[in-house]
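> If you count the sequence shown from 1, position 75 lands on 649 in the numbering used here, and the numbers rise without skipping. C-beta: ideal position from N, C-alpha, C; glycine also. Quick caveat, the model's predicted, so the values are computed rather than measured. Below is one structure. I have some questions about it.
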Amino acid sequence: MVLLLLFLLFSGVFLASFCLGQYDISIGQVVKIFASKLLPVRQDWPQAMETVVFKVRLPRILGASLVGAALAMAGTAYQGMFKNPLVSPDILGASSGAGLGAALAISLSLSVYGVQILSFVLGLVAVSLAYAVSLKVPRDRTLALILTGILVGTLFSSGTSLLKYLADPYDELPTITFWLMGSLATTSTHDVLVAVVPIVAGAAILYVFRWRMNVMSLSEDEALSLGVETGKLRLAAIIGSTLMTSASVSVGGLVGWVGLLIPHLARMLIGPDFQTLLPASGLLGAAYLILVDDMARGFASVEIPLGVLTSILGAPFFLVLLSRQKGGSE
Numbered sequence: 575m576v577l578l579l580l581f582l583l584f585s586g587v588f589l590a591s592f593c594l595g596q597y598d599i600s601i602g603q604v605v606k607i608f609a610s611k612l613l614p615v616r617q618d619w620p621q622a623m624e625t626v627v628f629k630v631r632l633p634r635i636l637g638a639s640l641v642g643a644a645l646a647m648a649g650t651a652y653q654g655m656f657k658n659p660l661v662s663p664d665i666l667g668a669s670s671g672a673g674l675g676a677a678l679a680i681s682l683s684l685s686v687y688g689v690q691i692l693s694f695v696l697g698l699v700a701v702s703l704a705y706a707v708s709l710k711v712p713r714d715r716t717l718a719l720i721l722t723g724i725l726v727g728t729l730f731s732s733g734t735s736l737l738k739y740l741a742d743p744y745d746e747l748p749t750i751t752f753w754l755m756g757s758l759a760t761t762s763t764h765d766v767l768v769a770v771v772p773i774v775a776g777a778a779i780l781y782v783f784r785w786r787m788n789v790m791s792l793s794e795d796e797a798l799s800l801g802v803e804t805g806k807l808r809l810a811a812i813i814g815s816t817l818m819t820s821a822s823v824s825v826g827g828l829v830g831w832v833g834l835l836i837p838h839l840a841r842m843l844i845g846p847d848f849q850t851l852l853p854a855s856g857l858l859g860a861a862y863l864i865l866v867d868d869m870a871r872g873f874a875s876v877e878i879p880l881g882v883l884t885s886i887l888g889a890p891f892f893l894v895l896l897s898r899q900k901g902g903s904e
């Protein structure tokens, strides 16, 4: 029942977002424009309106849906895997690696597609490096993963800072800075088609192992006694989450807090069972980022970066989590 309500919420937010913008379009016109592609509906709207719907707003709204769902599901997987409610999808350095890749591509004056490819590839490289180094630690693999992820993330973030320092202050530096703040303003249909493949692949990996993810809340010995190989399961979760996180960052830049905030809200609504928690997180994350993107393009005369808004909304929630943990420990 809750999943159905979340799907209806997502659907309502998805359709309503087409009405927001400088070009006025009613919800009825949006429905008729979409229906005209399937049914014999008489066209009583200007062609420019259809162009705005399909060429401008649809790619952006689809991009927000994909990025929000991917980050939320990746955050859900990481929080379950590390047994820590304060873990987010960039814990193993995926976002830092993708940020370095984008900064490097911009410094080399590559095209938009070059920026996306390098950011996606270096996001995968960062997590692979963190995982490979953690294998050298004989005990407590979970703690080793977190520590190596922090170290690798710091290393790649330092590389990004160095590139910003060396960049042309009149051209490259503003571009790098704006990209790192996160935005879906230039999202095209091609961007969505490129991102959907790794995001769907990553989500499929997590969904296949959804029931085993519940076992990760137990200790290593208890999980092994139930026949679950935690090492392989952890690797599968990392691969799926990294694919989704890197693809999301390559399209929308660094959009923080979604993977931390949304899994908690989904868990409050539907419980900790991963079989329902994963799709609930995906639907809630998609609806949430669409709303944030609506705010980004509608609050002011100039567009507000997504990363700024998600931080403003996410930081107070994070403080509440910290205060609850402190209260619980006492």
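1) Does the stretch 709 to 728 come close enough to the stretch 680 to 694 that 3 or more CB-CB pairs lie under 8 angstroms?
2) At what residues does the alpha helix (DSSP H) containing Arg715 begin and finish?
3) Could you check the C-alpha separation between Met818 and Phe592 for me, to the nearest Å?
4) How is Ala700 classed by DSSP in three states: helix, strand or coil?
5) Between which two residues does the alpha helix (DSSP H) holding Val774 run?
6) Output needed for Leu703: all residues of its chain with C-beta closer than 7 angstroms, excluding positions within five of it in sequence on either side, in chain order.
7) Sorted by chain position, which residues of the same chain lie with C-beta nearer than 8 angstroms to Met755's C-beta, five sequence neighbours on each side aside?
8) State the DSSP-derived secondary structure class of Ala759, mapped to helix, strand or coil.
9) Which residues in the same chain as Ala860 place their Cβ atom closer than 7 angstroms to its Cβ, once the five residues preceding and following it in sequence are excluded?
10) Return helix, strand or coil for Pro879, following the three-state DSSP convention.
11) If you reduce the DSSP assignment to three classes, tell me which class Val707 lands in.
12) Report yes or no: do the stretch 778 to 785 and the stretch 839 to 849 share at least 3 C-beta pairs separated by less than 8 angstroms?
13) Kindly list the residues whose CB is nearer than 6 angstroms to the CB of Arg871, restricted to its own chain and excluding five residues on each side of it in sequence; keep chain order.
14) Assign Val803 to one of three DSSP states: helix, strand, or coil.
15) For Met787, which option in Ala810, Gly776, Val771 and Leu666 has the closest C-alpha, if you only look at C-alpha atoms?
16) Rank Ala854, Ala648, Ser683 and Asp867 by C-alpha distance to the C-alpha of Ser815 and give the top, closest one.
17) Measuring CB atoms only, is the stretch 756 to 768 touching the stretch 735 to 744, in the sense that at least three cross pairs come out at less than 8 angstroms?
18) Report the option in Leu839, Ser824 and Leu843 whose CA atom is closest to the CA atom of Ser693.
19) If we ignore side chains and look at the alpha-carbon of each, how far apart do Arg634 and Pro663 end up?
20) Taking the alpha-carbon positions, what's the Val749 to Glu796 distance?
21) Could you give the residue range of the alpha helix (DSSP H) that holds Lys606?
22) Excluding sequence positions up to five away, which residues of its chain have a Cβ less than 8 angstroms from the Cβ of Ser762?
23) Roughly how many angstroms lie between the CA atoms of Leu736 and Ile813, to the nearest whole one?
24) Looking at the unbroken alpha helix (DSSP H) that takes in Ala874, where does it start and where does it end?
25) When burial is assigned at 16 or more other CB atoms within 10 Å of the CB, is Leu717 buried or exposed?
By the coordinates alone:
1) no
2) Arg715 to Leu740
3) 25 angstroms
4) helix
5) Thr763 to Val782
6) Val726
7) Gly827, Leu828, Pro879, Leu880, Gly881 and Val882
8) coil
9) Phe584, Ser639, Gly642 and Ala643
10) coil
11) helix
12) yes
13) Glu877
14) Before going further, note that residue 803 is Glu rather than Val in the sequence given. Coil, per DSSP.
15) Ala810
16) Ala648
17) no
18) Ser824
19) 22 angstroms
20) Residue identity differs from the one stated: residue 749 is Thr in this sequence, not Val. Rounded to whole angstroms, Thr749 to Glu796 spans 50 angstroms at the Cα level.
21) Ile601 to Ala609
22) Pro633
23) 29 angstroms
24) No alpha helix (DSSP H) holds Ala874; DSSP gives it neither H nor E.
25) exposed
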